[in-house]
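Notes follow once the structure below has been shown.
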Amino acid sequence: MGARLEYDCAVGTIDQPIVVDAGGRFAAKGSYTPERGGPSRDGSTAVARARYTGRVGGDTMTLTVTLETSKERVGMFTLKRGDDVLLTKCR
5 MGARLEYDCA VGTIDQPIVV DAGGRFAAKG SYTPERGGPS RDGSTAVARA
55 RYTGRVGGDT MTLTVTLETS KERVGMFTLK RGDDVLLTKC R
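Heads up: the sequence shown begins at 5 in this note's numbering, then just goes up one per residue.
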């Protein structure tokens, strides 16, 4: 597995090793699963196939998450190695 991601109201996976090219770019396939606050029913969570693309430079990674079927862009994120993150989970 490449990575496990946690968002405020979702989780995701990158299902293969992240391979960076000479320009620092990468693309990998995985999943994206939205979460909702409050009780949930068994089997009611929809896992979507996702494409993770981005660039690595120094200690910074930019990451764009796009759903494969609908082509909807979930978001673009900037990650910095060693920085603390504050998540507010919607559970």
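Note that CB positions come from ideal geometry on N, CA and C, so glycine has one too. Quantities reported herein were computed from a predicted structural model and do not represent experimental measurements.
Cross-strand partners of residue i (DSSP beta bridge)
i   : result
L9  : G16
A50 : The partner list for A50 (beta bridge, DSSP) is empty, contrary to what the question assumes.
L71 : A54
G86 : Per DSSP, none; premise fails for G86.
G34 : I18, A54
Exposure label - residue i; buried when at least 16 CB within 10 Å
i   : result
F81 : exposed
T92 : exposed
V89 : exposed
V51 : exposed
T41 : First, the residue type needs correcting, since residue 41 is Gly and not Thr in the sequence shown. Result: exposed.
G34 : buried
Euclidean distance between Cα positions of residue i and residue j
i   : j   : result
V24 : A32 : 10 Å
T17 : L9  : 6 Å
V78 : D87 : 22 Å
Q20 : T73 : 19 Å
A54 : V15 : 11 Å
R97 : E76 : Shown here, the chain extends from 5 to 95; a query on residue 97 therefore has no answer.
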